[in-house]
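**Student:** Below you'll find the structure I mean.
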Amino acid sequence: MMELVCPAGTPAALRAAVDAGAHAVYCGFADETNARNFPGLNFSRPELAEGIAYAAARGVRVLVAINTFPRAGDQAIWHRAVADAHAAGAHAVILADLGLIAHAAEAHPGLRLHLSVQAAAANPDAINLYAEAFGIRRVVLPRVLTVDEIAATNREIEVETEVFVFGGLCVMAEGRCSLSSWATGLSPNMNGVCSPASHVAYAEVGGHNEARLGGLLIHRTPKGAPVPYPTLCKGCFTAPATPSGPAQTGHLFEDPVSLDATELIPKLQKAGVTALKIEGRQRSRAYVAQVVRAFRAAVEAADAGAPMPAGLLAKLTEGQAATTGAYAKTWR
Amino acid sequence: MDLTIGPIAFFWPAKRVRAFYRMIAATPVRRVVIGEWVCSKRLPFWQQEIPGAVAHLLAAGKEVALSSLALITLARERKLTEELFAAGLPVEIADLGALRHLPEGTAFQVGPMVNVYNEGTLEWLARKGATRICLPPELPLASVATLVRAGRGAGVAIEVWGHGRVPLAISGRCYHARLHDRAKDSCQFVCEQDPDGREVQTLDGDGFLAVNGVQVLGQAHTTVAGQVAELTAIGTGALRLSPQIGDFAAIVAFYDRITQNPTGKAEALARLRELMPGAGFADGFLAAAPGLRRAG
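Chain order of the listed sequences is B and C.
Using the numbering used here, read the first sequence as starting at 17 and increasing by one per residue.
Using the numbering used here, read the second sequence as starting at 244 and increasing by one per residue.
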């Protein structure tokens, strides 16, 4: 059966994911070492140890994401995070930075290494480089590949692949995007945040709801209509007329959609994917429990060769558009 | 501190490419990186210009390196990357996957789309043979200073994004094609009609980004014109100037002058504004501020 890798932003969410049928849970420390560095989220060292004990007692693995890029001069903070995750009994650490991976491979030879999606290893050469140089065991694939390309990649690599199937969707190659720091000074790579809430402002202006990020107007909706969170790549922009075409206003990069690749699970399994990942460490434990239960049923169905259960997540995606993203070639 | 001309980000016709490198050969830059780093679909339209440009630049005494693509996904693109190393020139890798084709013991350079944020990464790349690294544009000056020191110990020269629209993101999706309701595979090369990128504004009408095929750039021109003294003081090896249309020879001459004879910040920016009337300039990244912060 494909492995279901589920998000936990809090100890309560970790227990909820374990109880709902996760095969593995991923989480991070409450600091800048992980890419969901949000206020009130993530784990202290004792919380991680307790979480790992809870999961281990139920046969569930815990993966620790240490997937930002260490700041020059302050690498010790990231090195300590890897050492602490190892000492706490993490099944694996999920890393993105080349230097940090080199350090982990050398200082923690027994520790299982997963390559984070933030490393943007989008071809067999990059993946094999990490496998040969550092012995990484699994790669989380960036969301730029089609299912066919994933299958082709799997034929050329030895390491396991893990792919996102549900939740927030990066439109750009992950780990190679500075849109957030361009607008706010804070980036996923350096600070573990994208379009951070600290820089968001909502206002009602002249019968419209407005959402700004870093002072920039990203969304404007009629009063009464919900205004989406101003994530940069899903914002509304204008491209003035140029020789290449007339002026356009709209979601020039991507609509405010989330990823739902449920229907593709059998194809992903056929493509040789080992694990399916659910995004959402910032989500509530109730959400996590519901999504994990639904996807556990889906991977069991896929394993039995049965059709995907229909309407699994209707409630969660209600009123929200979903896409299968780069997995379908037409998305490009 | 000397000057490097980065690879052309935009889809320029072969004729424009040829004229550009003839012009560059006559400028005081030390080195030039040449090659397609954004979209492999463009390459067949201008790759025949590369050998001539390289010969011309070498004859003019410039160091020349070839750039790989920044996002390598297709088998065809991996083959192209492998062939780069057979050309007999130094290669600048823009995707780590390119390293796997590096012949053992060959020196290489690293472009700004490869994530070098710290000493650990720099030292690992140096052990593999890296001799020059252009840092990611979002890095603040404190990080640059630490990496310059680490580079000195490891035999790696450090370059900083000096001028031009900064690369902010790259995607599997083509945004130029999307603006025309097309997919990447049926793009009909619309990006060629915007030789400096297509501007994207916020809903307030403020300039924000520029779309360049699968790449997203900052709309304002990032410049370190007002930060040359700090960069020189920490020992930065080179500034990277990113090709654009307009009087680029004058831009090169301007940076040559201010790196040889540093002038006051206000004076430098005033001169740059004269050279590019109507353009916006940004300098936030080095100052650990939002990258689009207005220079001045």
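Positions of the beta carbon are idealized from the N, C-alpha and C atoms, including for glycine.
Give every residue of the same chain whose Cβ lies closer than 7 Å to the Cβ of G440(C), excluding the five residues on either side of it in the sequence, and list them in chain order.
**Tutor:** Here residue 440(C) refers to the residue found at position 197 when the second sequence is read from its first residue. Contacts found: F253, R408, A453, V454, N455, L460.
**Student:** Taking 8 Å as the cut-off, decide whether the C-beta atoms of T465(C) and P380(C) are in contact.
**Tutor:** Here residue 465(C) corresponds to residue number 222 of the second sequence, with the count starting at 1. Here residue 380(C) corresponds to residue number 137 of the second sequence, with the count starting at 1. Their beta carbons are under 8 Å apart, which means T465(C) touches P380(C) by this criterion.
**Student:** Would G191(B) pass as a contact of A138(B) if the rule is Cβ separation under 8 Å?
**Tutor:** Locating residue 191(B) in the first sequence gives position 175, where the first residue counts as 1. Locating residue 138(B) in the first sequence gives position 122, where the first residue counts as 1. No, they are not a contact pair.
**Student:** Provide the residue span of the alpha helix (DSSP H) that contains A511(C), from first to last.
**Tutor:** As a position in the second sequence, residue 511(C) is number 268, starting the count at 1. Element bounds for A511(C): 508-518.
**Student:** According to DSSP, is R375(C) helix, strand or coil?
**Tutor:** The residue you call residue 375(C) lines up with position 132 of the second sequence. Strand.
**Student:** Taking the alpha carbon of E320(C) as the reference point, which residue from A337(C), A525(C), G480(C) has its own alpha carbon closest?
**Tutor:** Translated into positions along the second sequence, residue 320(C) becomes position 77. With distances taken between Cα atoms, E320(C) lies closest to A337(C).
**Student:** Note down, in chain order, every chain B residue with its Cβ under 9 Å from the Cβ of C542(C).
**Tutor:** Residue numbering for chain C in the displayed model covers 244 to 539; residue 542(C) lies beyond these limits and cannot be assessed.
**Student:** Could you check whether the Cβ of S485(C) sits closer than 8 Å to any Cβ belonging to chain B?
**Tutor:** Locating residue 485(C) in the second sequence gives position 242, counting from the first residue. False, the Cβ-Cβ gap to chain B never drops below 8 Å.
**Student:** Give the list of continuous beta strand (DSSP E) stretches no shorter than 3 residues that lie fully inside the region 85-166 of chain B.
**Tutor:** Those beta strand (DSSP E) runs which fall completely within the region 85-166 of chain B and span 3+ residues are 108-111, 129-131, 154-156.
**Student:** Answer yes or no: does any C-beta atom of chain C fall closer than 8 Å to that of R171(B)?
**Tutor:** Taking the first residue of the first sequence as 1, we reach residue 171(B) at position 155. It does not; no Cβ of chain C falls within 8 Å.
**Student:** Which value, in whole angstroms, describes the spacing of the CA atoms of M188(B) and S429(C)?
**Tutor:** For the purposes of this step, residue 188(B) is taken as residue 172 along the first sequence, with counting starting at 1. For the purposes of this step, residue 429(C) is taken as residue 186 along the second sequence, with counting starting at 1. So the alpha carbons of these two residues sit roughly 20 Å apart.
**Student:** By the 7 Å beta-carbon criterion, what residues does the region 243-254 of chain B contribute toward chain C?
**Tutor:** Listed by position along the chain: C252, F253, T254.
**Student:** State the DSSP-derived secondary structure class of K293(B), mapped to helix, strand or coil.
**Tutor:** On the first sequence, position 277 is the one that residue 293(B) refers to. Residue state, collapsed to three classes: strand.
**Student:** Under the rule that 16 or more other beta-carbon atoms within 10 Å means buried, what is D164(B), buried or exposed?
**Tutor:** Within the first sequence, numbered from 1, the residue matching residue 164(B) stands at position 148. Answer is exposed; the Cβ neighbour count stays below 16.
**Student:** In chain order, what residues of the same chain have a beta carbon less than 7 Å from the beta carbon of A314(B), not counting five sequence neighbours either side?
**Tutor:** The residue labelled residue 314(B) in the question sits at position 298 within the first sequence. Once the five neighbours on either side are set aside, the close Cβ partners of A314(B) are T278, I281, M324, P325, L328.
**Student:** Can you pull the DSSP bridge partners for G461(C)?
**Tutor:** The residue given as residue 461(C) occupies position 218 in the second sequence. According to DSSP, G461(C) bridges with L452(C).
**Student:** Closest to A426(C) by CA distance: which of W347(B), T162(B), A65(B) is it?
**Tutor:** Looking up residue 426(C) in the second sequence gives position 183. Ranking W347(B), T162(B), A65(B) by Cα distance to A426(C) puts W347(B) first.
**Student:** Going straight from the alpha carbon of P520(C) to that of I488(C), what length do you get?
**Tutor:** Numbered from 1 along the second sequence, position 277 holds the residue referred to as residue 520(C). Numbered from 1 along the second sequence, position 245 holds the residue referred to as residue 488(C). Each residue's alpha carbon lies about 13 Å from the other.
**Student:** Is it buried or exposed for A257(B), if we count other Cβ within 10 angstroms and need 16 for buried?
**Tutor:** Here residue 257(B) is taken as the residue at index 241 of the first sequence, counted from 1. A257(B) is exposed by the Cβ-count criterion.
**Student:** Classify S214(B): buried if its beta carbon has 16 or more other beta carbons within 10 angstroms, exposed otherwise.
**Tutor:** Taking the first sequence and counting its residues from 1, one reaches residue 214(B) at position 198. The residue in question, S214(B), is exposed, as its Cβ has fewer than 16 Cβ neighbours within 10 Å.
**Student:** Applying the criterion that 16 or more other CB atoms from any shown protein chain within 10 Å of the CB defines a buried residue, is V221(B) buried or exposed?
**Tutor:** Counted from its first residue, the first sequence places residue 221(B) at position 205. So V221(B) counts as exposed.
**Student:** Which first and last residues belong to the beta strand (DSSP E) in which Q285(B) is found?
**Tutor:** Working through the first sequence from its first residue, we reach residue 285(B) at position 269. Note, Q285(B): premise wrong, no beta strand (DSSP E); alpha helix (DSSP H) at 281-286.
**Student:** Is the Cβ of L116(B) closer than 8 Å to any Cβ of chain C?
**Tutor:** As a position in the first sequence, residue 116(B) is number 100, starting the count at 1. Taking Cβ atoms only, chain C reaches closer than 8 Å to L116(B), which makes this a yes.
**Student:** In the DSSP assignment, the beta strand (DSSP E) including E176(B) goes from what residue to what residue?
**Tutor:** As a working note, residue 176(B) is residue 160 in the first sequence. Note, E176(B): beta strand (DSSP E), 176-183.
**Student:** Anything in chain B within Cβ reach of N504(C), meaning under 7 Å, just list it in chain order.
**Tutor:** The residue labelled residue 504(C) in the question sits at position 261 within the second sequence. In chain order: nothing, as chain B lies at least about 30 Å away.
**Student:** If the cut is a Cβ gap below 8 Å, which residues of chain B does I336(C) touch?
**Tutor:** As a position in the second sequence, residue 336(C) is number 93, starting the count at 1. Simply none; closest approach about 10 Å.
**Student:** For N50(B) and A81(B), which I take to be in contact (beta-carbon distance under 8 Å), what is that distance rounded to the nearest angstrom?
**Tutor:** For the purposes of this step, residue 50(B) is taken as the residue at position 34 of the first sequence. For the purposes of this step, residue 81(B) is taken as the residue at position 65 of the first sequence. Yes, N50(B) and A81(B) are in contact; Cβ-Cβ is about 5 Å, under 8 Å.
**Student:** Can you give me the start and stop residues for the alpha helix (DSSP H) that P62(B) sits inside?
**Tutor:** Indexing the first sequence from 1 puts residue 62(B) at position 46. Where P62(B) is concerned, the enclosing alpha helix (DSSP H) stretches over 61-73.
**Student:** Here's the rule: buried if 16 or more other CB atoms are within 10 angstroms of the residue's CB, otherwise exposed. What is G480(C)?
**Tutor:** Taking the second sequence and counting its residues from 1, one reaches residue 480(C) at position 237. G480(C) should be labelled buried.
**Student:** Who are the near neighbours of G478(C) in its chain, counting only those whose CB is closer than 6 Å to its CB and skipping five residues on each side?
**Tutor:** In the second sequence, the residue the question calls residue 478(C) occupies position 235. Closer than 6 Å at the Cβ level, and outside the excluded window around G478(C), lie V391.
**Student:** Would you tell me roughly how many angstroms separate the C-alpha atoms of G115(B) and N361(C), rounded to the nearest one?
**Tutor:** For this step, residue 115(B) is matched to residue 99 along the first sequence. For this step, residue 361(C) is matched to residue 118 along the second sequence. Computed Cα separation, rounded: 7 Å.
**Student:** Mind listing the chain B neighbours of W367(C)? Cutoff is C-beta to C-beta under 8 Å, in chain order.
**Tutor:** Numbered from its first residue, the second sequence carries residue 367(C) at position 124. Within 8 Å Cβ-Cβ: L114, G115, A118.
**Student:** Taking Cβ positions only, does L268(B) come closer than 8 Å to chain C?
**Tutor:** Sequence index remark: in the first sequence, residue 268(B) carries index 252 (1-based). Yes, L268(B) counts as interfacial toward chain C.
**Student:** Can you pull the chain C residues whose beta carbon is under 8 Å from the beta carbon of R87(B), in chain order?
**Tutor:** Working through the first sequence from its first residue, we reach residue 87(B) at position 71. Those within 8 Å of R87(B) in chain C are Y360, N361, S386.
**Student:** Mapping the DSSP letters down to three states, classify F45(B) as helix, strand or coil.
**Tutor:** Taking the first residue of the first sequence as 1, we reach residue 45(B) at position 29. It is a strand residue.
**Student:** What does the alpha-carbon distance come out to for the pair A476(C) and T237(B)?
**Tutor:** Numbered from its first residue, the second sequence carries residue 476(C) at position 233. Numbered from its first residue, the first sequence carries residue 237(B) at position 221. Distance between the alpha carbons of A476(C) and T237(B): 49 Å.
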